[in-house]
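To start, the structure itself, in structure tokens.
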Amino acid sequence: MLSWKIKIYMGAQALEGKSTDINKIIDQTSSHIRTAIKKDMIFTPWPYHPSDVATHIAIPNELQRFLVGLLTGDTTSTTNKSQRTAILVESFSQDMIYAVTRGQYKPPKHFLLPYAVKALTGNTEVIRILNKFGHGVSYDQLEENDTALCLQKLAMGFNQRAVLPLSIKPHVFTNLAWDNIDRLEETLTGKGTSHRVNGIAVQTKFYGPYPPRPELPRIDKLKQRSVNIEHEELEVYLACARVGPQPLPTNESHILEAQESAQVAGNKNLVWVLARQTKSE
Numbered sequence: 033m034l035s036w037k038i039k040i041y042m043g044a045q046a047l048e049g050k051s052t053d054i055n056k057i058i059d060q061t062s063s064h065i066r067t068a069i070k071k072d073m074i075f076t077p078w079p080y081h082p083s084d085v086a087t088h089i090a091i092p093n094e095l096q097r098f099l100v101g102l103l104t105g106d107t108t109s110t111t112n113k114s115q116r117t118a119i120l121v122e123s124f125s126q127d128m129i130y131a132v133t134r135g136q137y138k139p140p141k142h143f144l145l146p147y148a149v150k151a152l153t154g155n156t157e158v159i160r161i162l163n164k165f166g167h168g169v170s171y172d173q174l175e176e177n178d179t180a181l182c183l184q185k186l187a188m189g190f191n192q193r194a195v196l197p198l199s200i201k202p203h204v205f206t207n208l209a210w211d212n213i214d215r216l217e218e219t220l221t222g223k224g225t226s227h228r229v230n231g232i233a234v235q236t237k238f239y240g241p242y243p244p245r246p247e248l249p250r251i252d253k254l255k256q257r258s259v260n261i262e263h264e265e266l267e268v269y270l271a272c273a274r275v276g277p278q279p280l281p282t283n284e285s286h287i288l289e290a291q292e293s294a295q296v297a298g299n300k301n302l303v304w305v306l307a308r309q310t311k312s313e
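Plus 32 on top of the position in the sequence shown (first one is 1) and you've got this note's numbering.
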């Protein structure tokens, strides 16, 4: 009986020691991954350009390996991942990086997801909920980034007649289309909605050397959410009759025009005949 008690006690001690070893491994792993995240953290550019997403993704190898093993259970290979696993690893890793750095490093997901939600739903409360759960930046930061992008573009076009996107190439035939599109975001107070005119520029794709990208001006972080524009003196507008496009010609208009031309020609011929019959002095 005593031997059985000794065996049970030793087995319990072994399980407790094994549990303690597992907890130590988990603690060491979490600490190592946290250190790797902070070590590989790069500066998030300001303002953030959504078109430069590919250059801002930096996932530590330790974090990627941990998530692949956690999701698939396969620790032998981390390169041959399915599309679903790759998407989940990229999504989870960006959430963990954003949480560990407390928002100091903002992965692409945490800017692009709020932008997509704003464009699809126009609901600011959904963006705030995503921010509280660590899936994106706040709505205020989103508006500050938009304002900084606007100020940067205005600074670039200070000595230019028109401000154009960087993707527009010079000396290329371009089609332009404009429309008055109000965003009218859903807010609790009804304030803070956007009224804007959207323009689309379409260019043919060409192959050849691209001109170097101009250096972007530096914009300070001032938590500015609106652009102050100096009001220019406008010329006095004088109302006049409305002038619109002329109606399309019809068969009746062609007949009437031909009759008028024939009448004018007949009058000229009559004057010529009378002049010929009159004796010259």
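Glycine included, C-beta positions come from ideal geometry on N, C-alpha and C.
Spatial distance of residue i from residue j (CA atoms)
i: alanine 294; j: lysine 300; result: 10 Å
i: isoleucine 91; j: serine 62; result: 15 Å
i: proline 197; j: glutamine 291; result: 55 Å
i: glutamate 175; j: valine 149; result: 14 Å
i: threonine 117; j: glutamate 262; result: 52 Å
i: valine 296; j: arginine 274; result: 31 Å
i: asparagine 155; j: proline 146; result: 10 Å
i: threonine 310; j: asparagine 283; result: 41 Å
i: arginine 308; j: leucine 302; result: 10 Å
i: arginine 97; j: glycine 135; result: 23 Å
i: aspartate 72; j: glutamate 264; result: 49 Å
i: alanine 271; j: proline 279; result: 23 Å
i: leucine 144; j: glutamate 157; result: 16 Å
i: threonine 133; j: leucine 103; result: 23 Å
i: lysine 201; j: alanine 233; result: 11 Å
i: lysine 164; j: valine 121; result: 21 Å
Contacting residues, own chain, Cβ-Cβ under 7 Å from residue i (five flanking each side not counted)
i: lysine 253; result: Trp78
i: glycine 101; result: Thr107
i: asparagine 207; result: Val234
Same chain, Cβ closer than 6 Å to residue i, five either side skipped, listed in chain order
i: leucine 162; result: Gly168
i: glycine 231; result: Trp210
i: proline 244; result: none
i: asparagine 212; result: Val229
Bridge partner(s) assigned by DSSP for residue i
i: tryptophan 210; result: Gly231
C-beta contact flag for residue i and residue j at 8 Å
i: isoleucine 129; j: isoleucine 69; result: yes
i: serine 258; j: threonine 179; result: yes
i: isoleucine 74; j: leucine 183; result: no
i: threonine 236; j: valine 268; result: no
i: tyrosine 171; j: threonine 76; result: no
i: proline 139; j: isoleucine 65; result: no
i: alanine 131; j: glycine 166; result: yes
Residue nearest to residue i in terms of C-alpha spacing, selected from the options
i: alanine 209; options: Ile65, Ser114, Val229, Pro202; result: Val229
i: leucine 181; options: Glu265, Lys255, Glu122; result: Lys255
i: leucine 99; options: Thr76, Asp72, Asp127; result: Asp127
i: asparagine 177; options: Pro244, Tyr80, Tyr239; result: Tyr80
i: isoleucine 119; options: Ala131, Gly105, Lys141; result: Lys141
i: serine 125; options: Leu248, Leu152, Lys56, Leu95; result: Leu95
i: threonine 67; options: Pro82, Thr153, Gly166, Asn93; result: Asn93
Contacting residues, own chain, Cβ-Cβ under 8 Å from residue i (five flanking each side not counted)
i: isoleucine 159; result: Pro146, Val149, Lys150, Gly168, Ser170, Tyr171, Leu174
i: serine 123; result: Lys141
i: leucine 248; result: Gln184, Met188
Any non-hydrogen atom of the ligand ATP closer than 7 Å to residue i Cβ
i: arginine 228; result: Absent from the structure shown: the ligand ATP. Ligands present: none.
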